[in-house]
Amino acid sequence: MIQKKLPHSGIDAIFSSPLSRCKQLAQSLFPEKEIIYDDQLLELNFGDWEGLHWDDISTSEEAEAFFNDYINTACPGGESYQDMLKRVTEFYNEIKDKYEKVVIVSHGGPIRALLCVIENITPKEAFERKVEYGEVLKLKI
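Using the numbering used here, the first residue of the sequence shown is number 41, and each one after it goes up by one.
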């Protein structure tokens, strides 16, 4: 189903987050193609909170600060959405003049960050957009 929505010719490059769920999807979608794994496409770094359930952190002062302003407040030992937006913007700037047609396999956070950059919208507006698992978005640069 996802494969039917993707171009399979004329692709200049395929990029993926190096995390296993994206890697596996990219490899299954493009088994014969070279895939470039880029750390700039990783999901938001939740630092000390990685692997924890929200219920386990939701009562801390750090969590309250993060939930009140996740755009600018970093997770303990991690990053803020603004930090992630900066690295995704750097990724975009590295590829935009090099390639015409690319496929990017990534996570909800970096995809929304790309929407901010490409569509010139705010992070708040990007988070109002629903990004489904396995969804294919076609964006024009």
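Each residue gets a CB set at the ideal place from its N, CA and C atoms; glycine is no exception.
Is it buried or exposed for residue 92, if we count other Cβ within 10 angstroms and need 16 for buried? Here residue 92 refers to the residue found at position 52 when the sequence shown is read from its first residue. Label assigned to residue 92: exposed.
Boundaries (first-last residue) of the alpha helix (DSSP H) holding residue 1: The displayed coordinates of the chain run from 41 to 181. Any statement about residue 1 would go beyond what the structure contains.
List the whole-angstrom C-beta distance separating residue 55 from residue 151, where the pair is believed to meet the contact cut-off of C-beta under 8 Å. Within the sequence shown, residue 55 is the residue found at index 15, counting from 1. Within the sequence shown, residue 151 is the residue found at index 111, counting from 1. Their Cβ separation, rounded to whole angstroms, is 12 Å, which puts residue 55 and residue 151 out of contact at 8 Å.
Assigned secondary structure, residue 66 (DSSP; H/G/I helix, E/B strand, else coil): For the purposes of this step, residue 66 is identified with residue 26 of the sequence shown, where counting begins at 1. Helix, per DSSP.
So the beta strand (DSSP E) residue 142 belongs to, where does it begin and stop? Here residue 142 refers to the residue found at position 102 of the sequence shown. Per DSSP, residue 142 is one residue of the beta strand (DSSP E) stretching across 142-145.
Give the range of the beta strand (DSSP E) segment to which residue 55 is assigned. On the sequence shown, residue 55 is found 15 positions in, with the first residue counted as 1. That run of the beta strand (DSSP E) goes 53-56.
Count the C-beta pairs between the stretch 156-175 and the stretch 90-104 that are closer than 8 Å, then say yes if the count reaches three, no if not. no
How many Å lie between residue 142 and residue 53 at the Cα? The residue you call residue 142 lines up with position 102 of the sequence shown. The residue you call residue 53 lines up with position 13 of the sequence shown. Each residue's Cα considered, the two are about 5 Å apart.
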